[in-house]
Amino acid sequence: MLLSMAWRNLWRRRRRTLITLSSIAFGTMLSWLFTGVGDANWRAMIDLAARLGGGHVALQHPAYLDSPALSRSLPSAESLRARALNDPEVLRAAPRISGQMMLASAARNYGAVFIAFDPALEDATTLSLLDAMHAETGADPRAALFDARGRGGIALGARLAERLNVGIGDKVVWTLTDKQGEIVQEALRVRALLRSGSPGVDGAMALLPIAPLRESLGYAPGEAVQVALFLRDQRAAQRVADRLQVQLGGSAVSALPWHDLQPELAGYIAMEVASSDFLEAVVMLLVAAGIFNTLFVSVMERRREFGVLRAIGFAPAQLTGLVMVESACLGLTGVAAAALLFLAPYYYLREVGLDISGLMGGGAAEVAGVALPSVLHADLYAGSAVLITALALLATLLAGLYPAWRAGRVDPAETIRLV
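Just so we're aligned, residue 0 is where the sequence shown starts under numbering that gives the first Met the number 0, counting upward by one.
Set out below in structure tokens:
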């Protein structure tokens, strides 16, 4: 009976109810949409950072994060990789050697950052730089790092190659300090160039196959500096790192999630998420204010009616419940309308996206060396959708508490005399 009465009461002031429902629908829809855009683009940035660096979780020497040196290696990197792959949330695992080197050509010397990887284990889904690698023959980028005899070569960022005044087929000499602290050098031919559009990559990055570099550095066949792990869902990074740390035990290996490896990126995303949450809270507050206004005015207009209901036997709790049911009906109907409004823009943003490259001035914007997406997509997590929906419904119920309390406290003797 209360549900039927509440629904009829809402539509006695059709225009006011429609305005209130519109505020709920648009507020909830915008919260879903903004959160979906954030979920998609932060995930894209985290995945890109993982593919540029040490994965979603990295296994490495405990001291390597604070003081990276090639002497701080993992002698049993291959066995660590095999153990990590047994975790159900780990999709891929790859051993790597990374650090800084000096490159020299006949004309100039320049410093560079290098990543040595196993071409048999990695592709563009784990090392995004392979998408930017261009060989003269147009062959598979991974195969381009080896000559016809299977000897290793090197891939240089295009701008770095220009600074060194070398091209594909020319030789460069790299200089490193091996694990014993000795300086080692080797001459390699440039087999490919990296053209990513990122100044940090094109101007300072080099890629090498891991097996020849191991020999040059005096590493054992299965030794590496890091084992990069790639997960099915980046949100599980901390959970996987904690679980692997317990399984590996001891202090010889550290399992670090991406936000420990990329603190600048993690800080930027945390700041953006906090600002987004603040804006959504403001939207919900405005929605709640609109609902409160609607219900409070409705209760004040119906004081005589509530007095008559009290006189014929309605208890105060029933009148309070009636207004709360009206509030719940407003919330549920508004959320249902929000879902209908949400479908079309969400589908467009998910499948097509919104190109914002023009707002970037034609260049790539970066945070901690990770390019910001130039096309905004939306992909709302189920947990985010449920949380926003619950908050919208909670806001409508909280907004109805005071009007409902006032409705339950009417004095029939006074209110029945009202005209």
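Backbone N, C-alpha and C fix where the C-beta goes; we use that ideal spot for every residue, glycine too.
Because the structure is a prediction, the values reported are computed rather than measured.
Check	Outcome
Touch test, the segment 371-383 against the segment 64-76, Cβ-Cβ under 8 Å, three pairs minimum	no
Between the CA atoms of Ala92 and Asp259 - distance to the nearest angstrom	18 Å
Buried or exposed by the 16-neighbour rule on C-beta atoms within 10 Å, applied to Asp38	buried
Endpoints, the alpha helix (DSSP H) within which Val324 is located	315-350
Beta-carbon proximity list for Gly330, same chain, < 6 Å, skipping 5 on both sides	Leu392, Thr395
Endpoints, the alpha helix (DSSP H) within which Ile268 is located	262-300
For Val224, the three-state DSSP class (helix, strand or coil)	coil
Same chain, Cβ closer than 7 Å to Arg50, neighbours up to 5 away in sequence not counted	Thr125, Leu126, Ser127
Rounded C-alpha distance that separates Leu386 from Met44	23 Å
Complete beta strand (DSSP E) runs within the segment 152-234 (minimum length 3 residues, chain order)	153-156, 170-176, 182-193, 204-208, 225-230
Burial state of Trp173, where buried means 16 or more other Cβ atoms lie within 10 Å	buried
DSSP beta-bridge partners of Gln59	Gln225, Ser253
Buried versus exposed call for Ser66 [16 or more other C-beta atoms within 10 Å across all chains shown]	exposed
Whole-angstrom C-beta distance between Cys328 and Ala5, which should lie under 8 Å	6 Å
Whole-angstrom distance between Ser21 and Arg14, CA atom to CA atom	11 Å
is_contact[Arg107, chain B] using C-beta, thresh 7 Å	Looking for chain B here will not work: only one protein chain is present.
Contact check, Glu325 vs Leu9, beta carbons under 7 Å	yes
Bridge partner(s) assigned by DSSP for Ile387	According to DSSP, Ile387 bridges with nothing at all.
Buried or exposed (CB count within 10 angstroms, at least 16 for buried), Glu222	buried
Pro94, DSSP secondary structure in three states	strand
Nearest-angstrom Cα separation, counted from Gly333 out to Glu300	23 Å
DSSP-derived helix/strand/coil call for Gly248	coil
Per-residue DSSP class, three states only, for His133	strand
DSSP bridge partner residues for Phe113 (one or two, in chain order)	Gly98, Ala205
Between the CA atoms of Arg213 and Phe116 - distance to the nearest angstrom	10 Å
Gln225 burial status per 10 Å Cβ neighbour count (16 or more: buried)	buried
DSSP-derived helix/strand/coil call for Gly37	helix
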